[in-house]
Structures are given as structure tokens and as C-alpha cells.
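The structure appears below as C-alpha cells.
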Amino acid sequence: MVKQQTIYSIYIIAGKDSYLQSQAIRQLRNSLPGEPQEQGLGESRFDGKSIDLASVLDDLRTASFLTPHKLVIVDGADKFISDNRKILEKYFADPSPTGVMVLVCETWRKNTKLAGLLKKSGRVISAEPMKGNQLVRWIIDQAGQLGKSISRECA
């Protein structure tokens with residue numbers, strides 16, 4: 024039996040590892056309902072350094088034509104979040120029921136009002152670079168997923 028995954032309205036992908044950021048986005052995309060060939064149809068991607076908040080919110084509130092959820096990704100969202108914090112707080116308190124906002128940023132402060140509001144409507148996904156034993160375990164796991172094995176010493 025396939026476990027039904029909860030789909031949140033907002034995701035924060037926080038960390039400096041671009042590979043982990045892209046993996047998190049891929050997993051989010053794959054977790055949304057719809058056939059794989061339809062998944063890209065209900066998706067928009069913006070550069071957080073140049074996009075305005077109104078455009079992002081309009082996109083989130085516009086229903087997707089062929090998919091039940093619209094995925095709206097804002098890359099490099101650190102400045103976007105800082106510049107739009109008050110309006111984002113309002114959005115986090117009452118997000119779109121069909122839009123899925125993904126803010127990809129390097130840092131996420133857990134002690135802000137925005138972070139508190141996120142607990143009700145979203146989740147933080149870490150994309151911090153792995154170190155030490157965590158990295159070794161990840162390399163071994165990745166090799167295993169490819170049907171290969173690697174020793175701890177080589178990893």
C-alpha cells in the first residue's frame with residue numbers, strides 16, 4: 024500500500040547545497056498528484072532577486088489548468104523574504120488551497136513570526152551541506168540505490 028504524503032501549502036528549502044535544493048524540489052514535484060507528464064504543466068519558477076511578490080501571489084492563486092496543485096518556486100529567495108516579510112506573514116496565515124509555494128533560500132531564521140506561521144501551513148526542508156558521518160552514510164545510501172556498494176573508507 025502506498026502511503027499518502029501530506030501536501031503543504033508552503034515549503035522552505037533552506038541551505039547552501041544546490042544539489043540538495045534540486046533534489047528537494049524534485050521530490051516535492053513527484054509528491055504532487057498527477058501523471059508525471061503533467062507535473063511540469065502546473066509549475067512556475069522565478070528568480071527571487073528580480074520577481075515581485077504580487078506576481079508570485081497571483082500565480083499561486085491562479086488555478087492550474089491540468090493539475091490539482093500549482094507549484095510556484097522562488098529561487099534565491101533570501102532577499103525576497105526579507106523585502107516582503109509582512110505580506111508573506113499574511114499569506115502564510117491564509118495560503119492558497121491549490122498553490123504550493125516553495126521558497127529556496129540559503130538561511131531560514133527559526134525565531135521569526137514567519138517561521139511560527141509556517142508551522143501551521145508548511146515545512147522547512149534542510150539543504151545544508153552534509154559533513155562527516157552524515158555525508159558518508161549518504162554516499163553509501165546513494166550507491167545502494169544505484170545497485171552498487173561502496174566501503175566507508177572509500178565513501
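Under our numbering, the residues of the sequence shown are numbered 24 to 178, in order. All C-beta atoms in this analysis are idealised placements derived from N, C-alpha and C, irrespective of residue type, glycine included. Bear in mind the structure is a predicted one, so any value in this text is a computation, not a measurement.
Q168 versus I162 - alpha carbon distance: 10 Å
Enumerate in chain order the residues of its own chain whose CB-to-CB distance from M153 is below 7 Å, with the five nearest sequence positions on each side excluded. W161
At 4 residues or longer, what runs of the alpha helix (DSSP H) sit wholly inside the region 127-156? 136-144
With distances taken Cα to Cα, identify the nearest neighbour of S102 among K93, E129, S144. Per the sequence presented here, residue 102 reads as Lys, with Ser not at that position. Comparing Cα positions, the closest option is E129.
Could you tell me the alpha carbon to alpha carbon distance between Y31 and S172, rounded to whole angstroms? 35 Å
Beta-carbon proximity check, L51 vs L94, cutoff 8 Å: yes
Beta-carbon of F69 versus every beta-carbon of chain C: anything under 8 Å? No chain C is part of this structure, which consists of one protein chain only.
Are the CB atoms of I48 and P118 nearer to each other than 8 Å? no
If you draw a straight line from the C-alpha of L158 to the C-alpha of Q44, how long is it? 16 Å
Identify whether Y34 lies in helix, strand or coil by the three-state DSSP scheme. strand
Under the DSSP definition of a beta bridge, which residues are partnered with E176? Partner(s): none; E176 has no beta bridge.
Compute the Euclidean distance between the alpha carbons of D75 and P56, then round it to the nearest angstrom. 28 Å
Taking C-alpha atoms, which residue in P91, L83, I110, L89 lies nearest to V97? L83
Among M124, R132, L89, T90, the one whose alpha carbon lies nearest that of S105: R132
CB-CB under 8 Å to L137, same chain, minus the five flanking residues each way: which ones, in chain order? I104, R108, L111, E112, F115
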